[in-house]
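Colleague: Handing you this structure, nothing more for now.
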Amino acid sequence: MMEVKVVENIYLLVLVTLLSVLQNAFFALKVEKECKIHNTHTSAFERVSCASRNCMDAYATFLAVMWCAGLCLSQAPAAFAGLIYVVVRHKYFVGYMGQSCQSTPGFLFGKRVLFFLLLMSMVGIVNYLLVCVCDDNNYTGYLETITKAASALLLIP
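Basically the working numbering = 1-based index in the sequence shown + 161.
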């Protein structure tokens, strides 16, 4: 019975993680395709390769803050923010394949989502520490409700 409870608490995070893994495979295929079609010294290959590297550089940070936010505070808003980040990262990648200035909105929005996930993680840790010290968790439900409501604010440009 314990194993089912654990899975219930993380399945949305697992789904977003697997979706992001598929996205990484897509990025890698695009780089490989550009390498086969064009010479590796063309600007198209350089843009695709650079976009892929940039996405991979931020990937570990994304996974860390999404999982920390989901485990420390609330799974659903963390997974929702993670899903938005995957969409924004795709927008960034596609924008970078055109001109690098087209990728700026995706980059800035992605930073905002990562900050939100970091904030969720910090609130969850503070909540845990307060519960340990004060031995009172009357406000835990309020924090989760506020976080769920705040996750909808991510959709505002």
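All residues carry an ideal CB built from backbone N, CA and C; glycine is no exception.
#1: Go through the stretch 226 to 295 residue by residue and report every complete run of the alpha helix (DSSP H) that reaches 4 residues or more, in order.
#2: Take Gly267 and list the residues in its own chain whose beta-carbon comes closer than 6 Å to its own, dropping the five residues that flank it on each side.
#3: Taking 8 Å as the limit between beta carbons, can you name the residues of its chain near Met163, skipping five residues before and five after?
#4: Please report how far the alpha carbon of Gln236 lies from the alpha carbon of Thr222, in whole angstroms.
#5: As a quick exercise: from Cys233, Leu179 and Cys262, pick the residue whose alpha carbon is nearest that of Val292.
#6: Distance, Cα to Cα, Phe188 vs Thr178?
#7: Would you call Thr308 buried or exposed, if buried means 16 or more other Cβ atoms sit within 10 Å of its Cβ?
#8: Could you give the DSSP three-state label for Thr308: helix, strand or coil?
Modeller: Walking through what the data contain:
#1: 236 to 259 and 265 to 295
#2: Val249, Lys252, Tyr253 and Gly256
#3: Low confidence applies here, because Met163 scores a pLDDT of 43, under 50, leaving its location unreliable; read the following figure in that light. Counting only Cβ-Cβ distances below 8 Å, and skipping sequence neighbours, we find nothing.
#4: 17 Å
#5: Cys233
#6: 15 Å
#7: buried
#8: helix
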